[in-house]
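Data block below; observations after.
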Amino acid sequence: MVYFSNNNAYIEKDDFFSIDKTFDCGQCFRFERSGGIYNGIAFGKRLEILEEDDRIILKNVSEEEFNTLWKDYFDLDRDYKAINEIICRDKVASQAAEISKGIRILRQDKWEALCSFIISQNNNIPRIKKIINTLCENFGEKKGDFYAFPAAEVLAKAGVEKLSVLKCGYRAEYIYDAALKVSTGEIDLAGVSEMEYNDAKKYLMAIKGVGPKVADCALLFGFSFLSAFPKDVWIKRVIDKYYGKTFDESIFSPYGGIAQQYLFYYERYVRGKDKK
DNA sequence: TCCCAGGCTCTCT
DNA sequence: AGAGAGCATGGG
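No gaps in the numbering here: position 254 of the first sequence is 357 in the numbering used here, and each next residue is one more.
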């Protein structure tokens, strides 16, 4: 349940919303934890969010802003408990779901998700964050003390040379191609949501630098295609380790993407524990 | 110095 | 269709 008071929005806690896990599972790159509070930007708005024993607090968020923005952003209308029952169909998936319980698949801005995961390729999460931060500071609209994610039009107009400030190497040309195609309408992001999954994936892969994995991440995190199952190095490790060559993500249908996120988080979690 | 990081493009079979 | 080199940059 949600209630509003003191200009804050309060979400009564259950097991299926953890802000730590949601922001620590590598799906978005613009939230940072500082002293128990997450501070970040989405859809051109800044959000401060923190978790107490019995509730999650969205600071300085009106009922109107909550209902029109953050409710969808955190995918709060979805029943993750029911989904987890579908995902828990073998021992590995069940363990992953238990460890990952509380992750919610954010419904991010389409362009931001696409652009962010183009940057993510063959890259590590701290540097991805750094590049995106530089991208926003250099090209995003200034909103008080922070910057919005830059529009495709702005990046297309800036040109590929100016993107060199990002120090993102060969990805600059990919960002530029995406910005160009989106800003001219050659790629219509709004229309992607109406497509079938396979068509949507092929459509996005017409952008230079967008392969199967980046397309799946964009579709999962930006377009709510919950069956998209991005196969990155971590997931390939999980599959090799626990499932083998016969693995088929359709066993989690239609929530492969959520299962993928659980397995991704689980593998990183397990590896983190092994390191200690 | 080499290896790795939420991979993709290009080339060669 | 499938395998492999090359690719910018930075951290360990």
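Here a beta-carbon is modelled for each residue, glycine too, at the ideal position from N, C-alpha and C.
When rounded, the separation of the alpha-carbon atoms in Ile310 and Val285 is 9 Å.
Per DSSP, Asn187 lies in no beta strand (DSSP E); the unbroken alpha helix (DSSP H) holding it starts and ends at 183 to 190. Take the alpha-carbon of Pro315 and the one of Pro333: they are about 7 Å apart.
When the five nearest sequence neighbours on each side are left out, the beta carbons in the same chain lying within less than 7 Å of the beta carbon of Ile190 are those of Ala196, Ala200, Phe355, Tyr358, Ile361, Ala362, Tyr365, in order along the chain.
Per the Cβ contact rule, the stretch 228 to 248 is not in contact with the stretch 153 to 169 (fewer than 3 Cβ pairs under 8 Å). Closest option to Ile235, judged by alpha-carbon separation, among Glu166, Asn170, Glu299, Ile144: Ile144.
Straight-line spacing of the CA atoms in Leu322 and Ala251 works out to 21 Å. Two segments are said to touch when three or more pairs of C-beta atoms, one from each, lie closer than 8 Å; by this definition the stretch 273 to 285 touches the stretch 214 to 224. Secondary structure note for Gly325: its alpha helix (DSSP H) is the uninterrupted segment 315 to 325.
Rounded to the nearest whole angstrom, the CA to CA distance from Ser137 to Gln211 is 22 Å.
About 7 Å separates the Cβ atoms of Leu209 and Asp178, confirming a contact at the 8 Å cut-off.
The residue among Pro229, Asp180, Ile231 with its C-alpha nearest the C-alpha of Arg207 is Asp180. With respect to the 8 Å criterion, Ala112 and Leu161 are classified as neighbours on the basis of their beta carbons.
Boundaries of the alpha helix (DSSP H) around Gly294: 292 to 295. The criterion of a C-beta distance shorter than 8 Å is not satisfied by Gly205 and Phe367. Under the three-state reduction of DSSP output, Arg133 falls in the coil class, being neither helix nor strand. DSSP places Ile310 in the coil class of the three-state scheme, outside both helix and strand. In the structure shown, Gly143 falls within a strand segment according to DSSP collapsed to helix, strand and coil.
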